[in-house]
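Worksheet: the structure to be examined is printed underneath.
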Amino acid sequence: MILKPVIQDIKIIGFYLGKILLGLALTMVIPILAGVFFKEINPAIDFIIGIEISVLLGMLLIKICHTDRDLNWMQGMIVVSLSWLFAMVLGAIPLYLSGHWKSFLDACFDSMSGFATTGLILVQNLDHMSYTHNLWRHLIMFLGGQGIMVIALSFFMRGFSGAFKIYVGEGRDEKIMPNVIHTSRFIWLVSIVYLILGTLALGITGIFNGMRPVNSFFHGVCIFMAAFDTGGFSPQSQSILYYHSRVYEIITVVFMVLGALNFKLHYHLWTGNRKEIFKNIETTTFFVTVTVIFCIVAVGLLRIGSYPSELLLFSKGFYQLISAHTTAGFQTIHPQQFLNDWNPLALTGIIMAMALGGAVCSTTGAIKMLRIGIIGKAIKEDVKRIIMPGRAIIMEKLHHINEVFLEDKIVRGALIITLFYILLYGFGALIGMFYGNPFLESLFESTSAAANVGLSCGITSAAMPTVLKITYIFQMWTGRLEFMSVFTILGLLYAAIKGK
Amino acid sequence: MKNSLKLILIIPFFVFNFCSRVFSQSINSIDLIKNSGQYDGKLIVYSGEVIGDVMNRGNFAWVNINDGDNAIGIWMSINLAKEIKITGSYKSRGDILEVTGIFHRACAEHGGDLDIHAQGIRKVSSGRIINHRLNIEKKNQSLILLLIICLTWILTLFKKR
Chain A
290 MILKPVIQDI KIIGFYLGKI LLGLALTMVI PILAGVFFKE INPAIDFIIG IEISVLLGML
350 LIKICHTDRD LNWMQGMIVV SLSWLFAMVL GAIPLYLSGH WKSFLDACFD SMSGFATTGL
410 ILVQNLDHMS YTHNLWRHLI MFLGGQGIMV IALSFFMRGF SGAFKIYVGE GRDEKIMPNV
470 IHTSRFIWLV SIVYLILGTL ALGITGIFNG MRPVNSFFHG VCIFMAAFDT GGFSPQSQSI
530 LYYHSRVYEI ITVVFMVLGA LNFKLHYHLW TGNRKEIFKN IETTTFFVTV TVIFCIVAVG
590 LLRIGSYPSE LLLFSKGFYQ LISAHTTAGF QTIHPQQFLN DWNPLALTGI IMAMALGGAV
650 CSTTGAIKML RIGIIGKAIK EDVKRIIMPG RAIIMEKLHH INEVFLEDKI VRGALIITLF
710 YILLYGFGAL IGMFYGNPFL ESLFESTSAA ANVGLSCGIT SAAMPTVLKI TYIFQMWTGR
770 LEFMSVFTIL GLLYAAIKGK
Chain B
370 MKNSLKLILI IPFFVFNFCS RVFSQSINSI DLIKNSGQYD GKLIVYSGEV IGDVMNRGNF
430 AWVNINDGDN AIGIWMSINL AKEIKITGSY KSRGDILEVT GIFHRACAEH GGDLDIHAQG
490 IRKVSSGRII NHRLNIEKKN QSLILLLIIC LTWILTLFKK R
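Those protein sequence lines, which keep their order, are chains A and B. According to this note's numbering, the first sequence is numbered sequentially starting from 290. According to this note's numbering, the second sequence is numbered sequentially starting from 370.
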């Protein structure tokens, strides 16, 4: 029997949602400080308005729904999925007030794209955007990459037993440390250390590239946040092409790959267990898929003769591939060049890379390496069963921090999520084709949105139909949360109608 | 025989010259990127606003020029780059330049980037600094919201008692 949600459920959800909105409001202080530093008064006011609306909403929710009760699984999942929707709307307010977006929906699109670390954009006249708004665009990637719940758990919530529920609801089911709050803080520690290193590396490179020091470090911090959080926004409209620098490209590749690694793996590397990187199923699968897909992309580019030498082919092909595979979405070619200079084979390679993604418990989206590795192992086990004698006992193992026996329930879990992702990629592609876009382009853009990549072959623009914008927002949201939290909302709606 | 030889030498010259003239019309970035194969290695004219930093690299500099649709990197000598006084950003509109140069679909010298190697530039118009005045409407909205927050907070205090 399905139970109808009661008022107490709504109150608990509202109370925790209110707390998270207050936390979100606090993060808007950072762009205000930037606004004061760069003497950009109107942009700073946009964020004051954003904070005020967030505080008002958060305060009302906390006061109206005040409760001492803890979250159960259903409530935790709904808090997570609603928090992301509220974050999208509230994060879009200062963006829309800047006047760089044609509609509030467009601002919501970019806001969700930022929080979900996708990188698809509808912004207009980006090259004339204020530092304040530009910082916010990248900051929401940094916050979304670590996870909105991880922020709340790290800084705003102390010792409540529902913590694990909202942590899991955000598409992360691996605890690095026994306590989920300590896990969240470790994720922040890793990110802050890399933030300092990344900003320094990119900032100094920028100065050597001829940029003004202030611009250089501003771009450094923005590009780092977008690279490590595999987001793909950039302060200028040309993405990484703006910098005309191979060194800059190499540094971004390093941080994209670091961002695509499991935070648990970071922990083991930091604590001296460096051999783990060579044994872990995620890193070995990543190496294999990058190698295989690069061969596909390279053959495609060689056949069409897009680049005059092998070195240039490697430079362009490998960068777009790593950007796609880590789900970052930086580009060193113009979006339209995917269609003009790349053939369908190379484009298919990039779609495959986008669909696979990086590690679980990382900042990446998509199916993820652990699941691909598990499915690969399961296929290997089944092939062994066919070729080995009937009496043979076959047990496949996988190494993911520890040695784990490949059980059916692990394979089932991996296959279900993989299936949902494939359906999500297909759903967006169908909507894209409904509006007259060719199959490959529709699949490219849909996969990019659902896998939170951000590479574009030109479909995503402010001129695209409203339904397509909403479809991509839904894909970014669902893909980032890995379905379960979103399905719980649908379940709640069903229970509200059919429940007793 | 001599006349025929002259004709053979002269015809390609005129054909080449004609092609150069065709592309000497200002071409927009959408056309350049879409038909990059057609323009590859050709002398073209491209115009737009200088945005971001002028990035000096030895005797040359990278300048990014946005024509309203896309920005394209222009590789030019430092002497040409010196003519640029204002670049586009939040606080300024950059100089509008007309660049004459060789277009590369995948430049062998610059890692396969789509770029233009400038041979000459002409400043169509000078950039200007933009003074952003305080937006009174936004200021008032923020004050009203602040008032609402304070009232709500006071009301919740009463409710508690």
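For every residue, glycine included, the Cβ atom is placed at its ideal position computed from N, Cα and C.
- Query: Tell me, which residues are paired with B/M445 by DSSP?
  - Reply: For this step, residue 445 of chain B is matched to residue 76 along the second sequence. When DSSP reads this structure, B/M445 sits in a beta bridge with B/A430.
- Could you tell me whether the Cβ of A/R592 comes closer than 8 Å to any Cβ of chain B? Here residue 592 of chain A corresponds to residue number 303 of the first sequence, with the count starting at 1. Not a single CB atom of chain B sits nearer than 8 Å to the CB of A/R592.
- Item | For B/T469, the residue or residues it bridges with in DSSP | In the second sequence, counting from the first residue as 1, residue 469 of chain B sits at position 100. Note: B/T469 sits in a beta bridge opposite B/V414 and B/G489.
- Task: Can you pull the chain B residues whose beta carbon is under 7 Å from the beta carbon of A/Q625, in chain order?
- Result: Stepping through the first sequence from its first residue, residue 625 of chain A is reached at position 336. Going along chain B in sequence order, the residues near A/Q625 (Cβ under 7 Å) are I402 and K403.
- Give me the Cβ distance between A/A323 and A/Y385, rounded to the nearest whole Å; I'm assuming they're in contact under 8 Å. As a position in the first sequence, residue 323 of chain A is number 34, starting the count at 1. As a position in the first sequence, residue 385 of chain A is number 96, starting the count at 1. About 18 Å; that fails the 8 Å criterion.
- Item | Endpoints, the beta strand (DSSP E) within which A/E692 is located | If you number the first sequence from 1, residue 692 of chain A lands on position 403. Element bounds for A/E692: N691 to F694.
- Message: Give me the chain C residues within the contact set of A/V344, using Cβ-Cβ distance strictly less than 7 Å, ordered along the chain.
- Response: The structure shown contains no chain C; its protein chains are A and B.
- Message: Residues in the same chain with beta-carbon distance under 7 Å from A/Y305, minus the five sequence neighbours each way, listed in chain order, please.
- Response: Counting from 1 along the first sequence, the entry for residue 305 of chain A is found at position 16. Shown here for A/Y305: same chain residues with a beta carbon closer than 7 Å to its own, the five before and five after excluded, namely L360 and V368 in chain order.
- Query: Who pairs with B/G534 in a beta bridge, going by DSSP?
  - Reply: No information on residue 534 of chain B is available, as it lies outside the stretch 370 to 530 that chain B covers here.
- Item | Rounded straight-line distance, which links the Cα of A/G495 to that of A/K564 | Translated into the one-based positions of the first sequence, residue 564 of chain A becomes position 275. Translated into the one-based positions of the first sequence, residue 495 of chain A becomes position 206. One C-alpha to the other measures close to 34 Å.
- Item | Limits of the unbroken alpha helix (DSSP H) element including A/V716 | Here residue 716 of chain A corresponds to residue number 427 of the first sequence, with the count starting at 1. For the sequence presented, residue 716 of chain A should be read as Phe rather than Val. Element bounds for A/F716: D697 to F723.
- Item | Buried/exposed call for A/G561, threshold 16 Cβ in 10 Å | Taking the first residue of the first sequence as 1, we reach residue 561 of chain A at position 272. A/G561 comes out exposed.
- Message: Just to confirm before moving on: does the CB-CB distance between A/G638 and A/G520 stay below 8 Å?
- Response: For the purposes of this step, residue 638 of chain A is taken as residue 349 along the first sequence, with counting starting at 1. For the purposes of this step, residue 520 of chain A is taken as residue 231 along the first sequence, with counting starting at 1. The beta carbons of A/G638 and A/G520 sit no closer together than 8 Å.
- Item | Strand pairing of A/L687, partner residues [DSSP] | Your numbering for residue 687 of chain A matches position 398 in the first sequence. Beta-bridge partners assigned by DSSP to A/L687: A/V693.
- Message: Taking only three categories from DSSP, how would you classify B/D400?
- Response: What you label residue 400 of chain B is simply residue 31 of the second sequence in a count that begins at 1. For B/D400, the three-state secondary structure derived from DSSP is helix.
- Item | Start-to-end residues for the alpha helix (DSSP H) that takes in A/T755 | Within the first sequence, numbered from 1, the residue matching residue 755 of chain A stands at position 466. Run containing A/T755: T755 to L770, per the alpha helix (DSSP H) assignment.
- Message: Tell me which residues share the same chain as A/P624 and place their Cβ nearer than 7 Å to its Cβ, disregarding the 5 neighbours each side in the sequence.
- Response: Numbered from its first residue, the first sequence carries residue 624 of chain A at position 335. Hits under 7 Å: S745, C746 and G747.
- Message: Considering Cα atoms alone, identify which of A/V742, A/G715 and A/A739 is closest to A/L729.
- Response: The count along the first sequence starts at 1 and reaches residue 729 of chain A at position 440. By alpha-carbon distance to A/L729, the top candidate from A/V742, A/G715 and A/A739 is A/G715.
- For A/S473, name the three-state secondary structure that DSSP assigns. One-based indexing of the first sequence puts residue 473 of chain A at position 184. In the structure shown, the three-state DSSP call for A/S473 is helix.
- Query: Between which two residues does the alpha helix (DSSP H) harbouring A/T637 extend?
  - Reply: Position 348 of the first sequence, counted from the start, is the residue given in the question as residue 637 of chain A. Start and end: P633 to L645.
- Task: Could you pull out every residue in the same chain whose Cβ sits closer than 6 Å to the Cβ of A/S774, ignoring the five residues on either side in sequence?
- Result: Locating residue 774 of chain A in the first sequence gives position 485, where the first residue counts as 1. So the qualifying residues of the chain are M366, V369, S370 and G458.
- When we look at the beta-carbon of B/C476 and count the other beta-carbons within 10 Å, is it buried (16 or more) or exposed? Stepping through the second sequence from its first residue, residue 476 of chain B is reached at position 107. Answer is buried; the Cβ neighbour count reaches 16.
- Query: What do you get for B/N355, buried or exposed, if any count of 16 or more other CB atoms within 10 angstroms of its CB means buried?
  - Reply: One cannot answer for residue 355 of chain B here, as it falls past the ends of chain B, which runs 370 to 530.
- Message: I need the straight-line Cα distance from A/H555 to A/V479, nearest angstrom please.
- Response: Looking up residue 555 of chain A in the first sequence gives position 266. Looking up residue 479 of chain A in the first sequence gives position 190. Cα-Cα distance, rounded: 8 Å.
- Task: For A/A655, decide whether its Cβ has a neighbour in chain B, counting only Cβ atoms nearer than 8 Å.
- Result: What you label residue 655 of chain A is simply residue 366 of the first sequence in a count that begins at 1. Closer than 8 Å: no.
- chain B residues whose Cβ lies nearer than 7 Å to that of A/Q413: The residue labelled residue 413 of chain A in the question sits at position 124 within the first sequence. By Cβ distance, chain B contributes nothing, its closest Cβ being about 10 Å from A/Q413, past 7 Å.
- DSSP-derived helix/strand/coil call for B/A475: Translated into the one-based positions of the second sequence, residue 475 of chain B becomes position 106. It is coil, neither helix nor strand.
- Message: Rounded to the nearest angstrom, what separates A/L628 and A/F733 at their Cα positions?
- Response: Within the first sequence, residue 628 of chain A is the residue found at index 339, counting from 1. Within the first sequence, residue 733 of chain A is the residue found at index 444, counting from 1. Going from the Cα of A/L628 to the Cα of A/F733 covers about 11 Å.
- Task: Determine whether the Cβ of A/L386 lies closer than 8 Å to any Cβ atom of chain B.
- Result: Here residue 386 of chain A refers to the residue found at position 97 when the first sequence is read from its first residue. For A/L386, the answer is yes, since a Cβ of chain B falls inside 8 Å of its Cβ.
- With 16 other CB atoms within 10 Å as the buried threshold, where does A/M684 fall? Start at 1 with the first residue of the first sequence, and residue 684 of chain A comes out as number 395. A/M684 should be labelled exposed.
- Query: If you measure from the CB of A/E565, is any heavy atom of the ligand NAD nearer than 7 Å?
  - Reply: No copy of the ligand NAD appears in this structure; indeed no ligand is present at all.
- Local Cβ density within 10 Å of A/H689, reported as buried at 16 or more and exposed below that: Residue numbering aside, residue 689 of chain A sits at position 400 when the first sequence is read from its first letter. So A/H689 counts as buried.
- Message: Please classify A/C650 as buried or exposed, where buried requires at least 16 other C-beta atoms within 10 Å of its C-beta.
- Response: Here residue 650 of chain A is taken as the residue at index 361 of the first sequence, counted from 1. Label assigned to A/C650: buried.
- Using a C-beta to C-beta distance shorter than 9 Å, which residues of chain A count as neighbours of B/D436? Looking up residue 436 of chain B in the second sequence gives position 67. Per Cβ cutoff of 9 Å: no residues; B/D436 is ~11 Å from chain A at best.
- Where does A/C511 land, buried or exposed, given buried means 16+ other C-beta within 10 angstroms? Mapped onto the first sequence, residue 511 of chain A falls at position 222. Classification of A/C511: buried, given that the 10 Å Cβ count is 16 or more.
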